[in-house]
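Those letters in the sequence shown? Residues 1 to 897, per UniProt numbering, in order.
Glycine included, C-beta positions come from ideal geometry on N, C-alpha and C.
For clarity, every value in this text was computed on a predicted model and none was experimentally measured.
Take a look at the structure below.
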Amino acid sequence: MIPSEIYSSNSNDEPFCIRLLIYLFRKLGEQITFHPWSFIITTIVVTAMCSSSIPLTKITNDVTDYTPYAARAREELEVAYEAFFSRKGQPILILIFITAKNGQSMLNIPQLNDTVRILDHAVNDIFLHNKHTNQSLSYNQLCTNFCDLNEPVRNFYYGLKISKSHNNTPLAIDLSFPVTTVLGMNFRVDNNFYGVKAEIERENGRKEIITLKELKSVKGRTIFDDERAKIKNNLRDIRMVLLQFRANKPADALQNEIERFELDVVEYFKKYIVTTNFSSEYVDVVIMTPLFATAEIVRSGLLLFPYVILGFIIMCIFSTFTTTISALLMSQMNLSKIAIAIMACVCPMMACGTGLGLLFWFGLRFGSTLCVTPFLVLAIGVDDAFLMINSWQRNKSLRSSFPYSISDFKENSSTNKLKARICTMLEDIGPSVTITTLTNVLAFGIGSLTPTPEIQLFCLGNAVTMTMDFIYQITFFTAIMVVAGKYEMTYEGKASIKSQNHSKENSLKSLLVNTFKSLVEKYCDILCSKLVTFVVILSLIIYWCISIYGAKNMTAELRPERLLVQDSDMVKAEDFESLPSSLGRFASNFWLRDFEEFIRVSDRSIDENQNNITSISTVTNELRYFLEWPEFRHWKGFLDLSTDENGQIILNKFFFTISSHGEELKQWSNRAILLQKLREVADNYSFFEVSIYDDDAKFLDLIGTLVVQTLQSSICTFVCMMFVCLLFIKRTSGAIIATFSIISTCLGIYGFLSIWDVNLDPIVMSAMIMSIGFSVDIPAHVTYHYYQRPLPSPKIRLYHCMCTIAFPILQAALSSLFCVLSVTYVELYMGKVFAKTMILIVTIGLAHGLIIIPTLFNALHLLQSFRAKKHNTIYDQSSLKTPPISAITIRTSGIHT
């Protein structure tokens, strides 16, 4: 039962929440003091049980997890893609990119010969092993509709060989782009050849070699669509050949068998590229499949784990070093300090294992973004431990000033002394640690409400691990300090005897301590001067201007490492080809045009006065002959056909692709704009149930929501931060300044990330959500301790605050920097973004906590004094004069000067 004094308004006018927390921490400290091993053993058992799920959980990623739930891309995937392929499951897709060695051209017989060899190996020598049927099928046996996608490459190679052997004279061969003719058969090569240079003839008769970058589309047509500009054998250069392998998933094949097949293709060419099975002096090969890309993302995440160990070792060394220095200066050094310093780093790792393991037991997916979580928990979790160690050491030297009644010490037992010290430590740091933990968890909790699954996963994982870290800090680590405290108190008497024999050593320590106090006093004098206050506020305004400029220029951008093939499903092709970025008719795969040409050549006329779709419906059965023709067999994959009761072919649906180009499309934000334009065209033909499908739409749809999601999450989190500060910080002015500092810190982080060449993407959005929570830590500690004691002036308050928490804050800040810097050794974008964010959080947070907030408190005091004088309020002028700090005795704070 909570005592009635908790509800009273005394106790130095502390808010009710603070009084309640102090009471609860006091009771917790008493229980831990009497039963430390119960807490330690229980925590270790819980950690072992929960963490056991981590090695049993496979890291998995799904590209759709970066797509908001309400994104149009999800509907298009279901309606346009899965429905078209009769919901047979995710198809097999393998892309092989072939380039010439030493920057040479692929338009040579040796390079194309090796390309054809690669094609033969891929379709004949790699097998899908189906356990259900006990069969091993090659790609040639798997494919149904898209078996001939790469035949233009083979035919072009044969045509080139024939042409070279006859000195480029055969009339039946035309090695042109985009359509090649070999022995009277036409083949489209624009789907396989990239980085092309082709020769054209201008209207004035001048011949010119151009690249696709130089093409301009006018009303859906380019110069390649102009018959007058065509030149026979116009190809002059090819930089890359693309081989595409597409097949529907066999009905009885398991997903892991499909994954194994795609990865076998990658391993085959990676392993045999320099062996007798396949070796090449002329070409380089890069394989890309969606599953391989996912596997690479998983592998990249796994690369972070060794650096978790490195970061842990760095933190242990730093923690031991700084704790030892602090203990030596306060004449409290013993072996237990080293153990406490190491356990300060062990505790966050245990909490991380418990939190993530618990989530995995409940079925949460182990995504690669969670690989960053151990670094964040370790970097932030040790902060609380440093505050506890520092408070313990300060309170040890002031045992006589514990806030307990004399009755607590009637039994002069070591247990009562230990209980008093533990309880005082928890009361001292408990409220501020609770504030920072609550704000961190709130920030991640709000982030977990975003509509993007991957960001939800990251935020939920961090919210749970931060909560577990708080629980472990106040239970497990406190219990460790109880055990260490018993050891320390056993040797206190011996230490005091030894200290009498080392007067010179004690003199040196006293000199260092006095020097530190003198520096802190001068630092407070400087910050509280009117000139410095003016300079700091002016600098703050400049900082805001730079931050706002950077934040305003941060653009939503996406640069996935995966290369995905783009397809579009449309009916009215001409409208799409008329878009400014379109390559025009020649680069569109539209079966209807070839079908019309097929009928024209076959002397089967179509009524030109009727609508094309109506005309085609009258000759549907001609499709059978069209699709059996070698040049047009590949169109089977573009059509969804069925047969009626009379044996007539019915065309149910079809798709076609268009191509776009432009330097601006290198930026994914511009691609998102293009996708939106395509959708607008599709919406004009809603009566045809037209739908767009783009493999990258799952990413592109996220770009348009990033800014809105980030702003919504940030505003909501800031409001929550403000309420938390008002609940826990004694004065409203202090809560307002703390909230202002949080907003200012986050604004700086956003702005300087942009200046640091970081664009807004899902990883950066996650880092921004993290930064809101973490930016509370230093301002909350400073503000809470600034108002903790009723002292007469800002200078004295600041001196008390700096002596109390300056060292642990610097200790925590430097340790966080050392921890995250280990991530920068990994060439991983995600790791570098979080490292940059943490660096900005620490540096900007320190500047606000140690300079800006004290300056604002002093400015507020000066303003209040000025307003009081202006309104002729009677002031005792002596009260405006700050007494010398050396004359102040601060007993309950743990500082005695």
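Asked                                                                                                                           : Found
Which of helix, strand or coil DSSP assigns to residue 909                                                                      : Given a span of 1 to 897 for the chain in the structure shown, any question on residue 909 remains unanswerable.
V241 versus K197 - alpha carbon distance                                                                                        : 13 Å
Rounded straight-line distance, which links the Cα of P55 to that of H129                                                       : 28 Å
Chain B contact for T475 (CB, 8 Å cutoff)                                                                                       : As a matter of chain content, chain B is missing from the structure shown, which is built from one protein chain.
R830, enclosing alpha helix (DSSP H) - first and last residue                                                                   : According to the sequence provided, residue 830 is Met. The question's Arg does not apply to it. Element bounds for M830: Y829 to A847.
For F444, three-class secondary structure by DSSP                                                                               : helix
Beta bridge counterpart(s) of Q244 as assigned by DSSP                                                                          : L95
Buried versus exposed, by CB contacts within 10 Å (16 or more), G205                                                            : exposed
Residue environment, I455, which counts as buried when at least 16 other CB atoms sit within 10 Å                               : buried
Backbone CA spacing between K270 and V382 [nearest angstrom]                                                                    : 44 Å
C-beta atoms of C524 and M721 nearer than 8 Å                                                                                   : no
Which of helix, strand or coil DSSP assigns to K232                                                                             : coil
Where R365 falls: helix, strand or coil (DSSP)                                                                                  : coil
L356 beta carbon less than 8 Å from that of L378                                                                                : no
Inter-residue Cα distance where the pair is S691 and A682                                                                       : 6 Å
Other residues of its chain near C316: CB distance less than 8 Å, five sequence neighbours each side excluded                   : A341, I342 and C345
CA-to-CA distance, I18 to S9, given in whole angstroms                                                                          : Caution applies to S9, whose pLDDT of 47 falls short of 50 and renders its modelled position unreliable; the value that the coordinates give is listed next. For S9 and I18, the distance between alpha carbons rounds to 11 Å.
Residue(s) in a DSSP beta bridge with A556                                                                                      : L760
Distance between I94 and S368 (C-alpha atoms, nearest Å)                                                                        : 23 Å
For V283 and S138, the rounded distance between their alpha carbons                                                             : 24 Å
Through-space distance from V820 to I497, alpha-carbon basis                                                                    : With a pLDDT of 49 at I497, under the threshold of 50, the predicted position of this residue should be treated as unreliable, though the coordinate-derived value follows. Cα to Cα, the separation comes out at about 43 Å.
Option nearest Y829 by Cα separation, candidates L254, G184, I118 and L303                                                      : L303
Pair within 8 Å by beta-carbon distance, S815 and F318                                                                          : yes
Simplified DSSP state of L449, which is helix, strand or coil                                                                   : coil
Span separating the alpha-carbon of L856 from that of P794                                                                      : 10 Å
Contact test: A735 Cβ vs the ligand ZN heavy atom, cutoff 7 Å                                                                   : Here there are no bound small molecules, and the ligand ZN is not part of this structure.
For M330, the three-state DSSP class (helix, strand or coil)                                                                    : coil
Complete runs of the alpha helix (DSSP H) confined to the segment 679 to 732 [at least 4 residues]                              : 697 to 728
Contacts around I616, its chain only, beta-carbon distance under 6 Å, and the 5 residues preceding and following it disregarded : Residue placement at I616 cannot be trusted, given a pLDDT of 45 that sits under 50; what the coordinates show is reported in the next sentence. So the list is empty, once near-sequence residues are dropped.
Cβ neighbour criterion (16 or more within 10 Å) applied to F16                                                                  : exposed
Euclidean distance between Cα positions of T415 and T467                                                                        : 30 Å
First through last residue of the beta strand (DSSP E) which encompasses N186                                                   : M185 to R188
Collapsed DSSP secondary structure at Q473 in the structure displayed                                                           : helix
Residue of I839, H781, V513 and I22 minimising C-alpha distance to F386                                                         : H781
Host alpha helix (DSSP H) of F818 (start-end)                                                                                   : P794 to L821
Minimum C-alpha distance to L711 - residue among L627, V764 and K677                                                            : V764
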